[in-house]
Amino acid sequence: MSKLRESANAFIKESQKYVNPRWYPSYHLAPPVGWMNDPNGLTWFNGQFHAFYQHYPHAPEWGPMHWGHARSRDMVRWESLPVALAPEGEEDKDGCFSGSAVVSDGKLCLIYTGHKFVGEPIDDNLYQVQCLATSLDGVTFCREGQVLDTPLGLHHFRDPKVWREDEYWYMVVGAKTQDVGEVQIYRSDDLRSWQFESTITSMNICGGYMWECPDLFPLGEKHILLFSPQGLEAQGYRYRNLYQSGYAVGHWKAGKPFIVEQPFQELDYGHDFYAPQSFTTPDGRRVIMGWLAMWESAMPEKADGWAGMLTIPRELTLTDSNKILQQPVKEMETLRGEPLCWQPGELQDTPFLLADNAEAMEVVLTWDTSRSTAEKYGLRLGDGAQIYIDSQSQRIVLDRHFPEWNLSGCRSVPLPEGEQLTLRIFIDKSSLEVFVNAGEYTLSSRIYPQDHHRSLSLFSQHGVATVRECCAWPLSCE
Ligand code: FRU
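Read left to right, the sequence shown gives residues 157 to 634 (my numbering).
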């Protein structure tokens, strides 16, 4: 093993015992110690799921990127593995940036961006090239170096996502051309030599100066272009985070351009969701995981020796109206302990306590909105987080209030039509993920409750709120 990987692994082993567990997730994938951003290389290989991630082990800050690694039989219980890639070659000396994984000839193949400056670290000196590393055992990787150079005139050219279609490999790469984001498509028959095919431009999709982490895959009868544009300005309730993640729906065939049917829509409406990547399960489900954090956010867990985590895996389906539905993968149910269920009933201004200390819990809550007159009603976690229906604006709101970390404010989605509203809520030590009805909206945000400030209750203000169903399960990976 190389020096850099060796020292990363030794450091992790030595220092992970000092991580403060107060906000460390119970059932989400997070780095054993140090920093994590994008999920990378999500794949199935030799009977296990593999998840890699952008990782700087030596400090809870972004730094020269390594690839962290974990594997799982069920996508929900993860085993941490040694660091897979470290920035140790000419081609990736300043970082092993995001990428993907495929299985070819019995090998697990990682295709990632080598990030390097030639001279001072300024944009004009930046080169991003695509690289390959392969493994027979899925744990130790052999670096095979650069397989695609930066196109002439470009500097930002990263995050390859590779897939197989008939007899070829295809790859999408995010690029910035004259301050405009786009996606380039390449083709190969051996993963080592790549030919340019075409470009998907921002025309009819959305703007942005750079599109990161593209992914192109079939869903139902159509194709989804998933990507994370930088540089969209907030518009009303939309695009409220520093950077966005979302998708366009269209049609694509090898060798043909991507035809847009539905321009960009956001995938998640919480404060902390970025750079999702998709993969398929052996039984054919299309699943994504995303980074459950946001660039330039405070991430108070840094004080505890770690930073960043991934969302739970979410299965995607597409509706006839070109909307992606996201549902937690069914394996999430295997984490459930004994259920707690409450009688249906009405609440009126007096809160109803569900749990004294909700640390790792799933809640399924159905409101009868047609029989609820309250101005505001919902679920409250301690004094820092609320998920409620605002009857005046007709929106579902996720409100977090952690002023000590400068993390306060709301995100919201429209209240869907219908007499009932079901919210499925995943609570972990420092996160909330809300799935609305059949997954037509999700909201994912980080939260930082102080110790013993995690009581979970239902509330209503100024009127009646009618609960149809309310069940909760403690969640555990043990
Ligand atoms: C997205 C991203 C990628 C890049 C990686 C670097 O969050 O900026 O474009 O490859 O993170 O860590």
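Don't be surprised by glycine CBs; every beta carbon is placed ideally from N, CA and C.
Membership of SER163 in the alpha helix (DSSP H) is indicated by the continuous run 159 to 171. When the beta-carbon positions are compared, GLU531 and SER547 come within less than 9 Å of each other. Three or more Cβ pairs closer than 8 Å define a contact, and the region 252 to 271 falls short of that threshold against the region 509 to 523. Across the structure, GLY574 and THR437 are spaced so that their CA atoms are roughly 33 Å apart. Look at which beta carbons fall closer than 6 Å to any heavy atom of the ligand FRU; those residues are ASN193, ASP194, GLN210, MET221, PHE253, SER254, THR269, ARG314, ASP315, GLU368, CYS369, TYR430, ALA431.
According to the DSSP assignment, ASN562 belongs to no beta strand (DSSP E), since it is labelled neither H nor E. Membership of ARG492 in any beta strand (DSSP E) is not indicated, and neither H nor E is assigned to it by DSSP. Assigned with DSSP and collapsed to three states, ARG233 falls in coil, not helix or strand. CA-CA distance, SER401 to VAL329, rounds to 16 Å.
ALA431 is a Cβ neighbour of CYS369, given a cutoff of 9 Å.
For ASN281, the secondary structure class from DSSP, reduced to helix, strand or coil, is helix.
The DSSP-derived three-state label of TYR425 is coil.
Between LEU474 and GLY446, the C-beta gap is not smaller than 9 Å, which leaves the two residues out of contact.
Here DSSP, grouped into helix, strand and coil, assigns SER349 to coil.
Taking a 10 Å sphere around the C-beta of ASN176, we find fewer than 16 other C-beta atoms and assign the residue as exposed.
In the three-state scheme derived from DSSP, where H, G and I count as helix and E and B as strand, TRP179 is classed as helix. Between CYS627 and LEU496 the beta-carbon gap is near 7 Å, inside 8 Å, which marks them as a contact.
In this structure the region 206 to 218 lies against the region 179 to 195, because at least three pairs of beta carbons, one per stretch, are closer than 8 Å. Annotation note: the region 319 to 400 contains the following uninterrupted beta strand (DSSP E) runs of length 3 or greater, listed N- to C-terminal: 324 to 333, 336 to 344, 351 to 356, 366 to 375, 378 to 386. Distance between ILE278 and MET366, taken at the CA atoms: about 17 Å. Judged by pairs of C-beta atoms under 8 Å, the region 211 to 225 does not touch the region 538 to 555, as fewer than three such pairs exist. SER613 carries a strand assignment under DSSP once its states are collapsed to helix, strand and coil.
In this structure, CYS633 and SER182 form a Cβ contact; the two beta carbons are roughly 7 Å apart against a cut-off of 8 Å. Secondary-structure assignment with DSSP links CYS497 through a beta bridge to CYS627. Taken in chain order, the unbroken stretches of beta strand (DSSP E) that lie wholly in the region 183 to 270 and span 3 residues or more are 190 to 201, 204 to 212, 222 to 228, 235 to 241, 252 to 260.
Beta-bridge annotation (DSSP): PRO484 is paired with ARG470. For the options LEU160, CYS252, PHE313, GLY440, the alpha carbon positioned closest to that of ASP280 is the one of PHE313.
When the beta-carbon positions are compared, HIS222 and LEU237 stay at least 9 Å from each other. Excluding five sequence positions before and after THR199, the CB atoms of its chain that fall closer than 8 Å to its own CB belong to PHE205, HIS206, SER256, ALA257, VAL258, VAL259, LEU264, PHE435, given in chain order. Judged by DSSP secondary structure, VAL590 falls within the beta strand (DSSP E) whose first and last residues are 587 to 592. In the structure shown, the three-state DSSP call for LYS409 is coil.
The beta carbon of GLN340 sits closer than 6 Å to those of VAL329, ALA331, THR355, all from its chain and outside the five residues before and after it, given in chain order. Per DSSP, CYS633 is not a residue of any beta strand (DSSP E), being assigned neither H nor E.
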